[in-house]
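Numbering (this note's numbering), first residue to last: 372 to 724.
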């Protein structure tokens with residue numbers, strides 16, 4: 372049976388083909404982009420083939436009955452084209468098949484089709500050229516952040532794994548890679564947990580970390596601490612659900628966890644993972660990011676600042692700070708109070724904002 376040659380290339384170049392037209396099904400796969408069951412198809416016109424084809428949900432019965440066998444010839448009676456945002460900052464068109472019938476059972480592959488969207492590709496396996504189009508990871512970023520304490524601006528990293536931490540507040544511990552090193556002491560801020568629940572974040576996703584902090588938390592060895600990367604804001608550049616063939620980039624080696632002698636203790640009274648520990652025992656001086664603030668006067672000779680501080684593990688905590696309006700941004704001395712609450716003491720006058 373003769374296929375409608377040139378159809379796939381027309382779609383890839385943004386053109387429109389009037390149905391019906393005949394193509395060959397090279398394969399299908401269940402995908403996890405959408406919450407409902409849906410399948411992606413690889414269709415060929417004998418010359419080119421395309422990966423960005425979706426079967427309408429109302430046609431799922433064809434898969435369940437076994438009608439869509441590999442190398443079956445199908446007739447596309449109707450379709451719609453959807454514009455989607457790609458993981459590389461661009462946009463691409465996805466073909467959504469809404470009406471289709473099988474006109475010939477599975478047989479041999481017709482022609483020698485090549486994937487039309489891959490550059491210089493002739494019958495290349497899926498994902499062979501994928502790395503060429505992906506954002507480049509910021510090599511050496513993890514070593515600079517953890518070992519040297521440098522502030523790396525907007526590092527691009529890959530998530531190699533995740534683990535839910537035990538405790539009252541749900542947290543995810545991430546295994547991050549910059550293509551050279553892999554570091555397991557990274558935690559996602561509470562405000563970003565929905566990205567896991569919504570499926571935006573998963574293993575092998577590539578992210579750009581826009582804002583982060585690196586506090587030291589207690590290690591299993593008494594008197595020593597571990598540097599933890601707390602991700603406060605990020606952008607997903609490539610989601611693994613958008614790129615089913617996405618795998619580990621490079622050959623990252625696990626970083627040795629460097630122990631630091633810091634005076635840090637656990638905030639809550641319970642023992643547990645480092646995800647739930649905050650370095651605020653005794654006194655610690657640091658710059659506290661301020662989420663919001665207000666100022667009012669009482670029957671006292673000074674003003675009080677009501678601050679909502681962003682804790683070192685991403686949580687918001689309230690505090691009242693008796694400072695002059697001009698130096699409230701100075702480094703703050705943090706002490707522990709009863710019930711796990713935080714109290715901020717006035718810094719010495721010699722400290723500068």
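Cβ atoms here follow ideal geometry from the backbone N, Cα and C, with glycine treated the same way.
Helix, strand or coil at residue i [DSSP, three-state]
| i | result |
| --- | --- |
| residue 551 | coil |
| residue 514 | helix |
| residue 399 | strand |
| residue 523 | coil |
| residue 530 | strand |
| residue 609 | strand |
| residue 577 | strand |
| residue 542 | strand |
| residue 373 | coil |
| residue 434 | helix |
| residue 380 | helix |
Sequence-distant residues of its chain with Cβ nearer than 6 Å to residue i (five each side left out)
| i | result |
| --- | --- |
| residue 549 | 508, 509, 510, 512, 513, 528 |
| residue 533 | 543, 545 |
| residue 473 | 438, 443, 445 |
| residue 415 | 395, 397, 484 |
| residue 617 | 575, 611 |
| residue 453 | 465, 467 |
| residue 566 | 572 |
| residue 695 | At residue 695 the pLDDT is 43, less than 50, meaning the model places this residue with poor confidence; the figure from the coordinates comes in the next sentence. Result list for residue 695: empty, nothing under 6 Å. |
Residues bridged to residue i (per DSSP)
| i | result |
| --- | --- |
| residue 509 | The partner list for residue 509 (beta bridge, DSSP) is empty, contrary to what the question assumes. |
| residue 587 | 598 |
| residue 561 | DSSP, once it has assigned bridges, lists no residue as partnering residue 561. |
| residue 465 | 453 |
| residue 419 | 485 |
| residue 567 | None; residue 567 has no bridge partner. |
| residue 470 | 449 |
| residue 624 | 552 |
| residue 582 | 604 |
| residue 425 | 411, 467 |
| residue 444 | 395, 475 |
Proximity winner among the options, relative to residue i (alpha-carbon distances)
| i | options | result |
| --- | --- | --- |
| residue 535 | 372, 557, 441, 523 | 557 |
| residue 542 | 602, 522, 472, 585 | 602 |
| residue 625 | 545, 438, 537, 561 | 545 |
| residue 522 | 530, 580, 410, 610 | 580 |
| residue 395 | 408, 402, 608, 373 | 373 |
| residue 619 | 547, 565, 452 | 547 |
| residue 435 | 375, 565, 400 | 400 |
| residue 555 | 582, 563, 506, 623 | 623 |
| residue 505 | 413, 609, 388 | 609 |
Nonlocal neighbours in the same chain, by C-beta distance under 8 Å from residue i, ignoring five residues either side
| i | result |
| --- | --- |
| residue 433 | 426, 439, 471, 473 |
| residue 407 | 428 |
| residue 552 | 511, 513, 514, 623, 624, 625, 626 |
| residue 585 | 516, 517, 520, 598, 599, 600, 601 |
Nonlocal neighbours in the same chain, by C-beta distance under 7 Å from residue i, ignoring five residues either side
| i | result |
| --- | --- |
| residue 607 | 571, 572, 576, 578 |
| residue 447 | 390, 391, 392, 394, 468, 471 |
| residue 449 | 390, 469, 470 |
Segment contact, 8 Å Cβ cut-off, at least three pairs: the region 419–429 with the region 379–386: yes
Using 8 Å as the cut-off, can you tell me whether the region 516–528 makes contact with the region 476–485, which would need three or more C-beta pairs spanning the two stretches below that distance? Touching, no, given that fewer than three Cβ pairs across the two stretches are closer than 8 Å.
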